[in-house]
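Peer 1: Protein sequences appear in the order of chains A and B. In this text, residue positions in the first sequence follow this note's numbering: the first is 1, and each later residue adds one. In this text, residue positions in the second sequence follow this note's numbering: the first is 1001, and each later residue adds one. Let me begin by handing over the structure; questions about it come next.
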Amino acid sequence: MLRRSFALTLLLLMLPTLGIAQSMQVPSAVQAELTVKVAGYDRNFAARAGSKAVILLAAMPDDPESMRAALELKGALSRLPSVGDLPHEEQIVTFSNAAALADNVRARRAAIVYFGPGFTKQIPAIREAFSSLDVLTVGAVPDYVPSGIVLGFDLVSGRPKLLINIPQAHKQHVAFPASVLNLMKVY
Amino acid sequence: MKPAHLIARWLIGALLIAGTERVASAEDVSGLEGMLAEPIVSSASKQSEGASSAPALSMSLSAEDLRRYGIKTLAEAIDFLAIGVSSSDNLNGGEVGARGVLLTGDRGSHFLLLVDGNVMNDPLRGGASFGVGAGIPLELVDHIEIVVGPGSVLYGSNAMLGLVNVVTKHAKDYSGARVIVESALPTSIRTGVGVGTPFTLFGQDGEVTTQLEYFKQQGPDFFFSAENTGVDRFTGQPGRNSRNDGPTGIWGGRTARHSLFAEAPSGLVRVALGNTELHLQGSYYKHGAPTGPGDFDDPATGERETRASIGLSHRIAVSTLLDLSVRGYASYYDTKSHFIASRGVLCPFGLVTCDYASTGSASWIGLEMQSTWDWFRDGHFVTIVGADGRRRGVQTRSDTLEVDTGAPLYPADRGLDRSDFTVAAYAQQTWAVSQFVKLNGGARIDSDPRFSPVVTPRLAADWNPWAGGTIKLSYASAFRAPSWDEADNSTARRIKADHLLPEKVQSFDASVQHHFGTHRLIMGGFYSHWTNLVELVALSDAEAIAAIRNGQTTVPFTPGIELTQYRNSRDFTNYGMNMGLDGALDSGHVLYGLTLTGALAKRNVSSGTTRLPVAPQLLGNARLAFVLGQDLPTIALATHILGPRPADLSDGQFTPTPYAPTQVELRLTLSGDAPLIKGLSYRAMVNYAVADRGPYVVGPVTSSIPTEPSPQLIPVDRFRTTVGLAYAF
């Protein structure tokens, strides 16, 4: 009986991995609240967003975890009244390549682009494509930030932690005051 | 600015907490600081969420706090940092209680202890160690989640007082290698080595973190007052209280130098690859038991415990609707204890010394599968359904040996050799009704072949009626299945129980929380009802004679023989209030915290109601830390208080009832990075306990006798200095 149980355990554990390794550390609801809060400190946010803050939520095709992260954040954001004192609108976009997404950002005048899990290999290309854009990029996975996403979330000692890539923030015209940067892990 | 000036400035700030929140500048970040200070927990509902919206009183103790306040064990973390929970040192592994309930002798089995979600309670008795025997390297701990109150709804047996989930660090927070040495001078030393590193295998990202450590303790040497045991009822002469001494009738009267010791090598390894995670943990814990009724200061009286556990989990994101996870686990536990006694009442075989040797080993192997259904794909209406199947095996043996020769003095009890299969199923529904209202409901059913299935439901709601405010209401239940040892085992001095039922508790909780900037205030109340508590009851003389006549024990009849039996003997109610306040000032350079719990636990007895022994009705802690920054040390002062507690033998054995005095423990800790040597860090602690006695009766006098009308209470190690170094490279 014990042998059968053990064999069954191993069999189930060897099921193919449909998901991916990178997982969100901070729950979507908290990410949404932090994104909204932090965006309000961005000195260029109001000028960038115009009359309405458009938030694009990028999801990798065929990646349920990535799509779910986008859906969850959309739901969480929709329950918040404003972003930087502006009305807001969220749109989920399926990622094809960095250049196309950059075009999409320009076309929709997006103020924030959010990347859920599944983008690790695409981050360098996204960094290049977004370097000339005026947009706040936000990543759900901590590893994204040192690779080129402006703002990210980590969980350290059971508390959420903000991460920022300062050079990339400058390139994308994101400017936080020192008092906010003091609360972030800076790359 | 000089450190003294900084401290003075911060002290003034601390006195004015809310009032000194400086006038908001153009970039007032207090709101953001508050959001970043909110702990993220996942133990209460198996979903990641803010602690204020978890469906129970949940808290998270951070790694920084563990280091900052000089914490060395889980028990100390509970005492100095948690709300509503406290430990009690019996010099034999320690005990843990919550909110006015501490069930002495339970070996920690009323708390569920998890490490990275893997159950650490042992398969033999359900016990959990919160001291050095836990084998959990503190440097590897990322945070400790504590859920206070019944929590069987998702976890099953044992989570009656609450659950403690130790979450270990990821490689990103434990990278490289490190060496640790720490000593509580001059009684103990702990050394450890740890490694954490990411890797890539088969195109997938992975990581490994591990720490191995070795702990050794000898002492402190306590003086025990002489106890005159009088004339032995078996020999008719004064009792013998050591192997080599004659019949002096005296126990103690000198310093015990050999019987308080511990040795505990342990190791923990976590390996993650993709969505698969492997958890390995092993520990050995050898320790003395210096305060029992057997021979005085005999180093052979004690216990050796070996624990090993493995957990292998895998998560599959099937679709945006469905997540599946599967966890295979196994746990092994082995114990061997010796109780050395020469007195005739305990060793009725002439002028010999008895070695009551008990061995037990138990293991389980199981599989848990869980599905998470996010019906609207946005996290606001989520169902969790899971099932757990577990195969258990238990073997025990109990011998009475002649200590010098190892020869049996009479036939061994037959012991246990059992195995069985338990299954459980659970479901939980969470519903974020709006941004301000969240509901949580669930139930679990556990099937054990020894008793009818047990259902443990939970209902909880939280509401945010104002900015920063949360009101929580909950009803929760929990149970504890009696261990095979309690339910079906007998030893030389314990007869088998008669059909034990599972213990149960139901609890109603209400709390109000408010966040203002980085400051958090919580106030709450609770009412709990406990039924069928299992207790080791001393048999009356008539019951003992009947047990011997009926062949329920192989012990020969001796006048005054003491036999025991586990029984469902206690129901009681438990209610009280707790409050906590914590926060930070001056951008996190000053940290503070304060908790206070007042709780009553009363059980009905023939003469009215009586308190639970050992359990404090008043408990709390307070802490203040100055993070000076740069190369300066962090200075932290922590204290915890336990109100007066009746001793463990307070059921009429002594008049008046013995009480341990109010205990206040103070700890000053300096910690930081050593100057000049990169990678070297230190911490130094000074610990002082105000009271010199704890709530346990020590020695052979366990009830009032003419020569010893009052008991001797357990001594407390009042002053101790600890220094530690860690080098990371």
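We put the CB at the ideal spot given by N, CA and C, even for glycine. This structure is a prediction, so every number in the text was calculated from the model and none was measured.
Quick one: which unbroken beta strand (DSSP E) runs of 3-plus residues sit fully inside the region 1584-1622 of chain B? Chain order, please.
Peer 2: 1590-1605, 1608-1611
Peer 1: Cβ of V26(A) less than 8 angstroms from any chain B Cβ?
Peer 2: yes
Peer 1: Can you name the residues of chain B whose CB is closer than 8 angstroms to the CB of L162(A)?
Peer 2: L1036
Peer 1: For Q1435(B), which residues in chain A fall below 8 angstroms Cβ to Cβ?
Peer 2: R79, L80
Peer 1: Going along chain A in order, which residues have a C-beta closer than 8 angstroms to the C-beta of R1418(B)?
Peer 2: Simply none; closest approach about 14 angstroms.
Peer 1: Taking E1145(B) as the query, report the chain A residues whose CB atoms sit under 8 angstroms from its CB, ordered along the chain.
Peer 2: G158
Peer 1: Quick one: does V1318(B) have its CB under 8 angstroms from some CB of chain A?
Peer 2: True, the Cβ-Cβ gap to chain A drops below 8 angstroms.
Peer 1: Going along chain B in order, which residues have a C-beta closer than 7 angstroms to the C-beta of P64(A)?
Peer 2: A1317, V1318, S1319, T1320
Peer 1: Less than 6 angstroms between C-beta atoms, sequence neighbours within five positions excluded: which residues of the same chain meet that for T1191(B)?
Peer 2: If we look at T1191(B) and ignore the five residues flanking it on each side, its Cβ neighbours are V1181, Y1214.
Peer 1: Does the beta carbon of V1716(B) sit closer than 8 angstroms to a beta carbon anywhere in chain A?
Peer 2: no
Peer 1: Measure from the C-beta of V1029(B) to each C-beta in chain A and report whether the shortest distance is under 8 angstroms.
Peer 2: yes
Peer 1: From the DSSP output, in three-state form, read off V145(A) for me.
Peer 2: helix
Peer 1: If we call anything under 8 angstroms between Cβ atoms a contact, is L1260(B) one with P1290(B)?
Peer 2: yes
Peer 1: Classify F1381(B) as helix, strand or coil using the three-state DSSP reduction.
Peer 2: strand
Peer 1: Does any CB atom of chain B fall closer than 8 angstroms to the CB of L133(A)?
Peer 2: It does not: the Cβ of L133(A) has no partner Cβ on chain B nearer than 8 angstroms.
Peer 1: At which residues does the beta strand (DSSP E) containing Q1370(B) begin and terminate?
Peer 2: According to the DSSP assignment, Q1370(B) belongs to the beta strand (DSSP E) that extends over 1354-1374.
Peer 1: Residues of chain B with CB closer than 7 angstroms to the CB of L56(A), please, in chain order.
Peer 2: When 7 angstroms is used as the limit between beta carbons, L56(A) is near no residue of chain B, the shortest such separation being about 17 angstroms.
Peer 1: Give a yes or no on whether the minimum CB-CB distance between P1039(B) and chain A is below 8 angstroms.
Peer 2: Contact with chain A is found for P1039(B), since one of that chain's Cβ atoms lies less than 8 angstroms from the residue's Cβ.
Peer 1: Suppose contacts are defined by Cβ-Cβ distances below 8 angstroms. Is G1117(B) in contact with A1056(B) by that definition?
Peer 2: no
Peer 1: What separation, rounded to the nearest whole angstrom, lies between the Cα atoms of L1619(B) and L34(A)?
Peer 2: 35 angstroms
Peer 1: Quick check on Q168(A): does DSSP put it in helix, strand or coil?
Peer 2: helix
Peer 1: In chain order, what residues of the region 32-50 of chain A put their CB closer than 8 angstroms to some CB of chain B?
Peer 2: E33, L34, K37, V38, Y41
Peer 1: Comparing the C-beta of A1584(B) with each C-beta of chain A, is any distance below 8 angstroms?
Peer 2: no
Peer 1: Flag A169(A) as yes if its beta-carbon sits less than 8 angstroms from any beta-carbon of chain B, otherwise no.
Peer 2: Not closer than 8 angstroms to any Cβ of chain B, the Cβ of A169(A) fails to qualify, so no.
Peer 1: Quick check on H1589(B) - is its C-beta less than 8 angstroms from some C-beta in chain A?
Peer 2: no
Peer 1: Would you please state the rounded distance, in angstroms, between the beta carbons of A1424(B) and G1156(B)? I believe it to be under 8 angstroms.
Peer 2: 5 angstroms
Peer 1: Can you tell me which residues form a DSSP beta bridge with V138(A)?
Peer 2: Y114(A), L151(A)
Peer 1: Measure the C-alpha to C-alpha separation of T1721(B) and R1315(B) and round it to an integer number of angstroms.
Peer 2: 45 angstroms
Peer 1: So if DSSP puts T1276(B) in a beta bridge, which residue, or which two residues, is it bridged to?
Peer 2: L1273(B), H1314(B)
Peer 1: Which residue comes first and which comes last in the alpha helix (DSSP H) that contains S28(A)?
Peer 2: 28-39
Peer 1: Any residues in the region 82-115 of chain A with a beta carbon nearer than 7 angstroms to a beta carbon of chain C? Which ones, in chain order?
Peer 2: Absent from the structure is chain C; the protein chains it does hold are A and B.
Peer 1: Does the contact criterion of 3 or more C-beta pairs under 8 angstroms hold for the region 1468-1475 of chain B versus the region 1400-1420 of chain B?
Peer 2: With the rule of 3 Cβ pairs closer than 8 angstroms, the region 1468-1475 of chain B does not count as touching the region 1400-1420 of chain B.
Peer 1: Compare the C-beta of D1142(B) against all C-beta atoms of chain A and say whether one is closer than 8 angstroms.
Peer 2: Yes, because at least one Cβ of chain A sits closer than 8 angstroms to the Cβ of D1142(B).
Peer 1: For R106(A), is the classification buried or exposed, using 16 other Cβ atoms within 10 angstroms of its Cβ as the cut-off for buried?
Peer 2: exposed
Peer 1: Under a three-way DSSP split, which group does T1722(B) fall into?
Peer 2: Here T1722(B) sits in strand by DSSP.
Peer 1: Mapping DSSP to helix, strand and coil, what is W1466(B)?
Peer 2: coil
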